[in-house]
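Engineer: In my numbering, each number is its position in the sequence shown, counted from 1, plus 886.
For every residue, glycine included, the Cβ atom is placed at its ideal position computed from N, Cα and C.
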Amino acid sequence: SGTAAVFFNQIWDLSKKGYRAVSAQYPPLYSTSDWCKSFDRFLDVLSCNKVHLCGTSLGGFLVQHYAVMFPARVTSLMLCNSFVSTEVFNENAPCLSMLNLLP
887 SGTAAVFFNQ IWDLSKKGYR AVSAQYPPLY STSDWCKSFD RFLDVLSCNK
937 VHLCGTSLGG FLVQHYAVMF PARVTSLMLC NSFVSTEVFN ENAPCLSMLN
987 LLP
């Protein structure tokens, strides 16, 4: 976690040790369930049957939900600065309901 340079070095070092390290940016989807299904198809394309997943912040949130939906595929999770629910964001965004009023 941290800057892009730190993240790149982590991926690079894992690769040098023989691990197949893949970094993916999550696409804009409308639900966590949609993301999990999309990520599962992505792993199919890469022929990854069992994976170790690392997620930071929103990525950590998403891989936790993926592990719940597809537990047989996940060997382990590494989470950094992550969360398990988005409720706190809804509760602390009082103007969120006004977004539909914007042009």
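Give the DSSP-derived three-state secondary structure of L988 in the structure shown.
Structural biologist: As a working note, residue 988 is residue 102 in the sequence shown. Looking at L988 - three-state DSSP - the assignment turns out to be coil, as it is neither helix nor strand.
Engineer: Helix, strand or coil for T889 per DSSP?
Structural biologist: Translated into positions along the sequence shown, residue 889 becomes position 3. DSSP places T889 in coil when its eight states are reduced to three.
Engineer: Which residues in the same chain have their Cβ closer than 8 Å to the Cβ of V970, if we skip the five residues on either side of it in sequence?
Structural biologist: Counted from its first residue, the sequence shown places residue 970 at position 84. Within the same chain, V970 has close Cβ partners F947, Q950.
Engineer: Would you identify the three-state DSSP class for G941, choosing helix, strand or coil?
Structural biologist: To locate residue 941, count along the sequence shown from 1; it is residue 55. Correct three-state label for G941: strand.
Engineer: Quick one: is S968 near chain D, going by C-beta distance under 8 Å?
Structural biologist: Structure shown: chain D not included; a single protein chain is present.
Engineer: Tell me the residue span of the beta strand (DSSP E) that contains S962.
Structural biologist: One-based indexing of the sequence shown puts residue 962 at position 76. First-last of the beta strand (DSSP E) with S962: 960 to 966.
Engineer: Would you give the residue range spanned by the alpha helix (DSSP H) that F969 belongs to?
Structural biologist: Within the sequence shown, numbered from 1, the residue matching residue 969 stands at position 83. That residue, F969, is in no alpha helix (DSSP H); it is neither H nor E in DSSP.
Engineer: In this structure, does DSSP put S901 in helix, strand or coil?
Structural biologist: The count along the sequence shown starts at 1 and reaches residue 901 at position 15. It is helical.
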